[in-house]
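Below: the structure, in structure tokens.
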Amino acid sequence: MRLKYVLNEVLVGLWRNVTMTVAMIITMSVSLTMLGASVLLYLQVDQMKDYYYGNIEVSIFLRSDVTEAQRQAVDQAISSNPLVAERTYETREEALKRFQELWKDSPEFVKAVGPNSLPESFRVKLKDPEQYKTFADQIKGLQGIQDVIDQRTLLEKVFNIFNAIQVGALVVAGVMALAALLLVGNTIQVAAYSKRREVAVMKLVGASNWFIQAPFVLEAVVAGLIGAILGFVALFVSKVVLFDHKLQALTNILTPIDNGNVWLMLPVLAGVGAVVSAVTAWITLRFYLKV
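Going left to right, the sequence shown walks through residues 2 to 292 as the numbering used here numbers them.
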């Protein structure tokens, strides 16, 4: 009987303050969407780091006037180095062909690069990418080498940008979460005020605080859960529409977003939405019931 009363009061409360409830659901869904997007971004950046850092290479560019003896000496030094996992030699012609393939969408740029513009090089994959500096120090002194470049330094600049986006997404999610908390608290206060006489009567007849608070707390929890579901739907639709279709070309740069990570957001957002709403409503009512 008590459970039926509590559930009935939840439905009545949600409908009585329908505009505030809708505003609370929308704000909660937006904040949880931003939270879910930032969590997905963290997971995606970590996945990209594992993928790219596991495939980075050290490029050893040779001078234009390198001799055959110098080239063989460099090749021997690389092949015998214990830090090297594998190495590939690339001629000028192969470098030009790869360049033309990469920039085939910019024909004017491709035409500006002649066959002698790109140097021959060795592409080296290390057993431990962290050992780049040790390897570079061992190889730089050889004659015929023009430059030694580690792809890791280039990737770190890209990941610094992603890290900044991560922080920005978390900041926005935090601001929206604060707005949601304030709106939840305000909605509960309005609901409690509209039922102040019923609450007063229940306190006079000895009703416990949890029995009085339960309908209000459950109202906030229901709104939080609905907001979490809407936030998850927004994330899933964005993933399917944008990354699986419109931005599919970016998969050459960005690793695919795992559907498992997206589905993981449903219980995460539901849990966060329910807990945050319940705690905010409970704290608000604690102050109200002391009046």
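Backbone N, C-alpha and C fix where the C-beta goes; we use that ideal spot for every residue, glycine too.
Cα-Cα separation, residue i to residue j
i, j, result
"M21", "V59", "59 angstroms"
"L119", "Y53", "24 angstroms"
"I162", "V168", "10 angstroms"
"F217", "I166", "37 angstroms"
"I146", "S107", "30 angstroms"
"V75", "K134", "17 angstroms"
"I61", "K126", "11 angstroms"
"A113", "R153", "28 angstroms"
"L226", "M49", "31 angstroms"
"L182", "K240", "27 angstroms"
"R124", "Y90", "6 angstroms"
"N318", "V46", "What is shown of the chain runs 2 to 292, which leaves residue 318 out entirely."
"A1", "V280", "Outside the shown range of the chain (2 to 292) lies residue 1, about which nothing can therefore be said."
Residue nearest to residue i in terms of C-alpha spacing, selected from the options
i, options, result
"L41", "V276, Q132, W264, A275", "W264"
"V258", "I61, V276, K141, F237", "At residue 258 the sequence reads Ile, which differs from the Val that was named. With distances taken between Cα atoms, I258 lies closest to F237."
"A38", "V269, A221, R99", "V269"
"L231", "K50, L36, V31", "V31"
"V273", "L286, L103, N260, F233", "F233"
"K128", "K50, L84, Y43", "L84"
"I1", "I140, M266, A279", "No information on residue 1 is available, as it lies outside the stretch 2 to 292 that the chain covers here."
"P130", "I57, M266, N187, A275", "I57"
"G115", "L103, Q132, A96", "A96"
Three-state secondary structure assigned by DSSP to residue i
i, result
"V292", "The predicted model places V292 with a pLDDT of 43, which falls under 50 and marks its position as unreliable; any figure quoted below should be read in that light. Note: V292 maps to coil in three-state DSSP."
"M2", "Residue placement at M2 is poorly supported in this model, since its pLDDT is 43, which falls under 50; the coordinates are not used for a value here."
"L63", "strand"
"V23", "helix"
"S30", "helix"
"S239", "helix"
"S122", "strand"
"E220", "helix"
"A113", "coil"
Bounding residues of the alpha helix (DSSP H) (the contiguous stretch that carries residue i)
i, result
"E102", "93 to 103"
"V75", "69 to 80"
heavy atom of the ligand GTP below 6 angstroms from residue i C-beta
i, result
"L44", "In the structure on display, the ligand GTP does not appear, and there are no ligands present to speak of."
Whole beta strand (DSSP E) runs in the region 127 to 165 with 3 or more residues, listed along the chain? 146 to 151
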